[in-house]
Amino acid sequence: MVRWRLFQVGLLGLAVLVVWMFYLNAVVRDGFDGQRFSIPARVYSEAQDLYAGAPVSADRVEILLDDLGYRSSSRVNQPGRYRRTGQTIEVHTRGFEFWDGAEPARRLLLDFSQGSVNRVSEPDGSAVLLARLDPLFIGQIYPGVSEDRILVSLETVPPTLVAGLIAVEDQHFLDHHGISIVGIARALWANVTSGSIEQGGSTLTQQLVKNLYLSPDQTLWRKANEALMALLLEAHYDKEAILETYLNEVYIGQQGRRSINGFGLGAQFFFGSPLPSLDIHQQAMLVGLIKGPSYYNPRRNPERAIQRRNVVLRVWREAGVISQADYEHATRQPLDVSAVPGQASYPAFMDLVRRQLAEGYRKEDLLAEGLTVFTTLNPLAQNSLEQRVPAKLAEIERQHGLQAGDLEAAAVVTRPSTGDVLALLGGRKPELAGFNRALDARRPVGSLMKPAVYLAALEQGYTLATPISDAEVTVTAEDGKLWQPRNYDKTSHGTPLLMDALVNSYNQATARLGMTVGLAEVFDVIDRLGVDERPPAVPSVMLGAHGLSPMQVAQYFQTIAGNGFYTPLNAIRAVVHPEDGVLQRYDLSVENRFRPEQVFLLQEALHEVTRQGTARSLRWRLPEHWWLAGKTGTTDDNRDAWFAGYSGDRQAVVWVGRDGNEPTPLTGSTGALPVWADIMQALNPVQERRGQPANVEWLPVNAQGAVVSERCDGARPVPFIKGTAPNGRSRCDAGADTQTEGEEDDSWWQRLFN
Amino acid sequence: MVATPVQLRHTQVRRWLATPGALMLSGLILVGCATQSSDPFRPDTGGKPESPARTETSEPAMDSGDVVAGLRREAWEQQAVGEWEAAAGLLERALRIDASKAELYHQIAEVRLGQERFAEAEQVAAKGLSLVADDPELEASLWRATAQARSGQGDMSGAREARERACALGYC
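Residue numbers (my numbering), protein chains in the order written: chain A, 1 to 754; chain B, 1001 to 1172.
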């Protein structure tokens, strides 16, 4: 009877085990196939268009050619070569298979003059209307993997590294079936005697299973699963496949939140070189790191690291992986670690691309082999950003007596017409991955929020010339708290015109205006401008007491620069499948959210900010004839300095502050604006004002906001939506409400506008 | 491109040039500028000297008009054979070269109409209308595209209204 019971329990246990094995089997196959058989997507930048009139100088084209790996050569006789002679570049382009067609390789003669392409022609002298260079390869993306990797195949890994890895981590790897009985027994014994589960005894297969599928906690249950899965893995896949995956998966370092997985990335991260070119001592260091990536970190703990490396080298010599001579030579070498972690070229931008792919794609689609991703990255804009921002920050630190390295920054450059993200800077050390401030730092935006208040007012029938009160103001919020915003200069400015209150960034006038217009209306405008979250419904948000990332600010400002049309910011132009062609294209998307003529008025006010207001230093920082529009932002105790603005078809948003949110001596005008100006100067955008809506008229207005004769002292032209300006002309000193009857005035000025 | 160094030094003048009817008078204004040393309606910049590197305007001898026109022609050829995606790609490439051309928005709107993406066609046409200044014929074309886009969405009264806007401009 008892025996029967035992048999039943045993049978049940077996059944449960079988079901469990089936489950684990599915997990193992899914995970492993997903990891192993995906070929990374190749990611490319935007390509440089070449045409007569292209606003790019010979110097910049030469920089770009160098970045693309073109060789300067006296004979331009094969693709990938160029010759610069003064203002002429002769180039043999490489040609490229773009998502929208093939660009042939061809010889081109580029003539430059005054910073632009003057003429593009073939060797026989015939003009070429339009050509493009090949795009810059900016990295690889591994589907389903959020970190970056540099995948290596087993054949390209140095044989010493492979043999050395086996010798150090799992001598019987080539013989066992996934687990080592001896190893487990030894580990068990050690655990029993020490009372805790610390000993490894893991085979390479088990380590891989642990990395791929399991949580890092050390429980017996996890250990049992690990062993079962290791057996299953060995049953399904051969040793080469397992070893290759291990090489690409193993965890050997950490940088901020970014984990360094795989020897391919590790080689670049620690030595700045590709894996196949590492010397013996460098290979040994990588293998040594497996035991304790942090403890043996060669940058932080060089002493320990070199000891560990030499232990590995000794094991290698004993196992016959290297000769005695190799051993002696290698142990005499220094660590050879590069000063700066080698990186993918544009980690912040790649981060954005990865996130956009993760949003827009099902994982299965991304698992397709060998996708090509065409992005919006403009290498010249990105390089300008990476050079100008750190240089300017250092200068600002010197000017304000700050310690070098005190300030951090983030920046986003976009193309308003299409929403393309052209360049992205996640911090002042652009080569470092890690905290991407452009996307993830949420900082109060200060006065950058004001344009939303003024746009709401324009929608409610205010004009730019409406006088508004700048008297002190106290607002009782819904929660009973008092809100008493004060002007930056601690004084009230009477009744400025609406546009002047924005131009000078008056807090009191803005708070009053917002409360009069209505909090709900202001928040509705903020929402329509494209802020993708609901700020708390409190009045202080109108003055920017709400944190947004630089990217969110760029999206918000984009709607203003885009004439009131919302266009989602976008880092990807097209994704191409090697057989099926274009999988997805991000085409032009515009959505009207504001009346363009109202946005036009706001743009003009923001232009005045750069002429007379808080950003007036732009008049000497940049060529005075450039048409610019923008807004400064400063938060309490100068913790954050912002500038957002645009010219022509280029917009840039800059944040400057400190990671720890400490105060700085900087305002938007002194901290962020100089950086912005440097960026814009490098971008050299088309500086013309774009056309204006047909129903806008310009009328001369006096200081009180009354429409007067243009001959009056202090009269200045202000744009109005037709039919909204006060009727008739007033005397020169009239107030906004006192209109005199249609004073006849037939000057050329009036004829121009009526 | 109407910009010359003389005009560019006067923001005011450039702004006037953008107003309806101003083009005809631009010659007159230039004469005025030549005789007037400063802008009468705007506090003067104080004659702050520009840094030498910045005084020259970088106006290329040839502008991007040719290449935009070429891309538009190519797009037309694609539209004629119903290759809408290809046409859209060419027009967007042109847009990245010169975003201020309302004609491009008009043509993209036509592509969207061809694709029967009517709501998008209407939005693109609207964006074009926000850029068109002083070109009643183009403005009317954009309104006609708007009318078609609205019809396509079943908005008959909206379509009629758009058509009337086109007629009011003298291009029925």
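Cβ coordinates follow ideal geometry from the N, Cα and C atoms, glycine included.
Own chain residues within Cβ distance below 8 Å of Gly-547 (chain A), not counting five before or after: Arg-442, Arg-443, Pro-444 and Val-445
Length of the line joining the Cα atoms of Pro-485 (chain A) and Asp-1134 (chain B): 44 Å
Straight-line Cα distance separating Gly-1128 (chain B) from Arg-690 (chain A): 12 Å
CB contact below 8 Å: Tyr-51 (chain A) versus chain B: yes
Residues that DSSP places opposite Ala-644 (chain A) in a beta bridge: A:Lys-631 and A:Val-653
Alpha helix (DSSP H) segment containing Asp-246 (chain A), residue limits: Here the sequence assigns Tyr to residue 246 (chain A), which means Asp is not the residue at that position. Residues 239-249.
Interface flag, Arg-729 (chain A) vs chain B, CB-CB below 8 Å: no
Beta-carbon proximity check, Val-453 (chain A) vs Met-542 (chain A), cutoff 8 Å: Taking C-beta atoms as the reference points, Val-453 (chain A) and Met-542 (chain A) count as a pair closer than 8 Å.
Alpha-carbon spacing of Ile-242 (chain A) relative to Ser-74 (chain A), whole angstroms: 49 Å
For Asn-563 (chain A) and Thr-724 (chain A), the rounded distance between their alpha carbons: Answer to the nearest angstrom: the Cα atoms are 19 Å apart.
Contact with chain A by Ala-1095 (chain B), beta-carbon distance below 8 Å: Note on residue identity: the sequence assigns Leu, not Ala, to residue 1095 (chain B). At least one beta carbon of chain A lies nearer than 8 Å to the beta carbon of Leu-1095 (chain B).
Identity of the residue in A:Met-21, A:Ala-703 and A:Glu-710 nearest Thr-495 (chain A) by Cα: A:Ala-703
CB contact below 8 Å: Leu-247 (chain A) versus chain B: no
Length of the line joining the Cα atoms of Trp-642 (chain A) and Glu-46 (chain A): 28 Å
Range of the contiguous beta strand (DSSP E) that encloses Phe-96 (chain A): 96-98
C-alpha distance - Glu-697 (chain A) paired with Val-718 (chain A), whole-angstrom precision: 8 Å
Contact list for Leu-380 (chain A) against chain C, beta-carbon separation under 7 Å: Protein chains A and B are contained in the structure displayed, whereas chain C is not.
DSSP three-state assignment for Asp-49 (chain A), whether helix, strand or coil: strand
Unbroken alpha helix (DSSP H) run spanning Trp-620 (chain A), endpoints: 618-621
Short CB-CB distance (under 8 Å) between Ser-1037 (chain B) and chain A: For Ser-1037 (chain B), the pLDDT reaches just 35, beneath the cut-off of 50, and the residue's location in the model is therefore unreliable, although a value from the coordinates is still provided. No, Ser-1037 (chain B) does not count as interfacial toward chain A.
Against chain A: residues of the stretch 1123-1141 of chain B by CB proximity under 9 Å: Within the stretch 1123-1141 of chain B, the qualifying residues are Gln-1123, Val-1124, Ala-1126, Lys-1127, Leu-1129, Ser-1130, Leu-1131, Val-1132, Ala-1133, Asp-1134, Asp-1135, Pro-1136 and Glu-1139.
Proximity winner among B:Val-1111, B:Gln-1078, B:Leu-1095 and B:Gly-1170, relative to Ala-1145 (chain B) (alpha-carbon distances): B:Val-1111
Residue-chain proximity (Ala-1149 (chain B), chain A), Cβ-Cβ < 8 Å: no
Residues sharing a beta bridge with Glu-697 (chain A), DSSP: A:Phe-720
Under 7 Å from the C-beta of Leu-129 (chain A): neighbouring residues of chain B: Asp-1066, Val-1067 and Gly-1070
Cβ pair count under 8 Å reaching 3, the stretch 369-380 of chain A against the stretch 413-426 of chain A: yes
Where Trp-627 (chain A) falls, given that 16 or more other Cβ within 10 Å makes a residue buried: buried
Contacts of Pro-693 (chain A) in chain B (Cβ-Cβ under 8 Å): Leu-1129, Ser-1130 and Ala-1133
Local Cβ density within 10 Å of Glu-608 (chain A), reported as buried at 16 or more and exposed below that: Buried.
Sub-8 Å separation of Arg-650 (chain A) and Phe-594 (chain A) beta-carbons: no
Trp-316 (chain A), buried or exposed, once every other Cβ within 10 Å from all chains shown has been counted against 16: Label assigned to Trp-316 (chain A): buried.
Whole-angstrom distance between Leu-1142 (chain B) and Gly-1170 (chain B), CA atom to CA atom: 13 Å
Three-way DSSP call (helix, strand, coil) for Pro-159 (chain A) in this model: Helix.
Enclosing alpha helix (DSSP H) for Ile-322 (chain A) [first to last residue]: Per DSSP, Ile-322 (chain A) lies in no alpha helix (DSSP H) and is assigned neither H nor E.
His-625 (chain A) burial status per 10 Å Cβ neighbour count (16 or more: buried): buried
Residues near Val-312 (chain A) by beta carbon distance below 8 Å, same chain, minus five either side: Gly-164, Val-168, Ala-284, Met-285, Val-287 and Gly-288
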